[in-house]
Ligand SMILES: [Zn+2]
């Protein structure tokens, strides 16, 4: 996001002040404080008899790809009104709200930090056709929904599909059991892993060049093994990932976990623990002597895991690898 330089009220140059625990742009002349908050948006699951409506985007980001209809809320409308308006603009359908489908933050963008409120709606009129900035609008049967390019859309779609198949549309996402498997990452997972890496707060400041380097390292994966937790469903989505960096020594080696993230609506369900377990098993097979975890990069690990796993230090914690004699640790 571009930095604000001048006061939007009086035009004086803004200074930096600490307010409410973080530095903010403020005006020494008139007292204006520039608070930066997430922008609210709506996403719409239009439930049809034979599936759900997706639109093909006419604008970047992800121009030409299929997504849920969505858009930003105007200042003079409610979230519900915005959902009904966006549905009609982008799909030609008049709709009514059935229920809230989920609320999902996207502090990582794109383009700026936001909150998207998803609604389940049903058509009550109109004719299905692409409109506004949608090139096309079409009903997709639930078995053939493509992989959606936006992380938040993938999350809500996975929840909606899980609820639908369980016949439990009224149950909140966080009360539902979600099945997933942990497996080594594949080339086709890279976009979703990149979206998860962007969620790690420490990575928000990475430049475009640094992001390209991250993707390259992920593709080449030299000395790094990536594990993903994948939902069981159609289409499967990646719920979390963990990258295990391996440093070989003459007598064994060390494992280092620096990057790990779980989708916000799937946290606190043991997915991080399952990924860690997979990494520890792999470390055991490779006879690694020590495992280090950067807990500053992985805020979700703290404070639940370090103590359970016997880790000690504040930021760089050491994990005992099961099955290896602790006395043998070459530290
Ligand atoms: Zn001012």
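In the working numbering, the protein residues as written are 353 to 683.
Quick reminder that beta carbons are idealized off the backbone N, C-alpha and C, glycines included.
Environment of ligand 1, chain-ordered: 359, 361, 362, 364, 379, 381, 382 and 384, taking every residue with Cβ within less than 6 Å of a heavy atom.
Looking from the CA of residue 363, the closest CA among 531, 384 and 617 belongs to 384. For residue 389, the three-state secondary structure derived from DSSP is coil. Secondary structure note for residue 485: it is in no beta strand (DSSP E), with a DSSP letter that is neither H nor E. In the three-state reduction of the DSSP assignment, residue 636 falls in the helix class, which pools H, G and I.
The distance from the Cβ of residue 474 to that of residue 448 is about 6 Å, consistent with a contact at the 8 Å cut-off.
Under DSSP, the beta-bridge partners assigned to residue 456 are 468. Here the stretch 572-584 makes no contact with the stretch 418-432; the two share fewer than three CB pairs at distances below 8 Å. In the DSSP assignment, residue 570 falls within the unbroken alpha helix (DSSP H) covering 560-572. Here residue 579 is bridged, per DSSP, to 536 and 594.
The shortest CA-to-CA distance from residue 531 to any of 540, 517 and 542 is the one to 517. Per the C-alpha coordinates, the member of 495, 476 and 508 positioned closest to residue 617 is 508. Residue 358 carries a strand assignment under DSSP once its states are collapsed to helix, strand and coil. Annotated as proximal: residue 403 and residue 492, with beta-carbon spacing under 8 Å.
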